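A short worksheet on the structure shown next.
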Amino acid sequence: MLDLPRDELVSFASAVTGRFRNPYIKHQLLSIALNGMTKYRTRILPQLLAGQKAHGALPPRLTFALAALIAFYRGEREGESYPVQDDADWISRYQTLWARHRDGQMSTRELVTAVLSVADHWQQDLSQIPGLVELVTADLDAILTCGMRDAVKPLC
1 MLDLPRDELV
11 SFASAVTGRF
21 RNPYIKHQLL
31 SIALNGMTKY
41 RTRILPQLLA
51 GQKAHGALPP
61 RLTFALAALI
71 AFYRGEREGE
81 SYPVQDDADW
91 ISRYQTLWAR
101 HRDGQMSTRE
111 LVTAVLSVAD
121 HWQQDLSQIP
131 GLVELVTADL
141 DAILTCGMRD
151 AVKPLC
């Protein structure tokens with residue numbers, strides 16, 4: 001959680017929303033997602049952990065964001081492939097994991113656990129955080145089954 005005065009948070013949120021609504025700024029998801037694993041670790045993970053510590057529960061939007069990130073690294077949307085740019089080790093790891101998942105050799109839970117347990121990246125084994133694997137797995141299953149738009153609706 002951001003520990004700032006409420007008026008600063010509201011102002012910041014308004015500025016970000018305004019920027020994304022500006023029709024003259026073209027936002028390319030693939031460009032924004034460059035090195036997404038590191039961005040999640042440095043920008044979002046600390047907020048997820050702080051939220052858990054402060055409220056005794058994992059923040060649902062931040063666990064969903066992690067599931068969405070894992071889904072993004074599948075490199076496929078509605079049957080169409082797209083290039084994912086990140087560290088070569090992550091690209092290779094995800095290609096292997098998603099191929100095993102597609103072939104039925106790995107469940108969604110096993111895929112999520114494999115990603116969250118990379119302590120060298122996360123600086124801890126996230127699969128050991130109580131409830132995180134379950135929440136991310138449920139969110140990822142919803143994304144894979146219903147599509148991103150429908151899966152995110154309960155959080156809006």
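Mapping of the sequence shown onto UniProt numbering: residues 1 to 156, in sequence order.
Beta carbons are placed, not taken as given, at the ideal position from N, Cα and C, and that holds for glycine.
Fair warning: this is a prediction, and the values are worked out from it, not measured in the lab.
- Within the same chain, S127, V133 come within 7 Å of T113 by CB-CB distance, once the 5 residues on both sides are set aside.
- Contact between A67 and D139 is confirmed by a C-beta separation of about 3 Å, below the 8 Å threshold.
- The Cβ-Cβ distance between W98 and G79 does not fall below 9 Å.
- Within the region 63–115, the runs of alpha helix (DSSP H) at least 4 residues long that lie entirely inside it are, in chain order, 88–102.
- DSSP, reduced to helix, strand and coil, places L58 outside both helices and strands of the structure shown, so it counts as coil.
- In this structure, the straight-line span from the alpha carbon of L45 to that of Q124 is close to 11 Å.
- In the DSSP assignment, G147 falls outside any alpha helix (DSSP H) and carries neither an H nor an E.
- Of the other Cβ atoms in all chains shown, fewer than 16 fall within 10 Å of the Cβ of L155; this residue is therefore exposed.
- CA-to-CA, the gap between D86 and A54 works out to about 32 Å.
- In this structure, DSSP gives I129 a state outside helix and strand, which the three-state scheme calls coil.
- Secondary structure at S117: coil, using DSSP grouped into helix, strand and coil.
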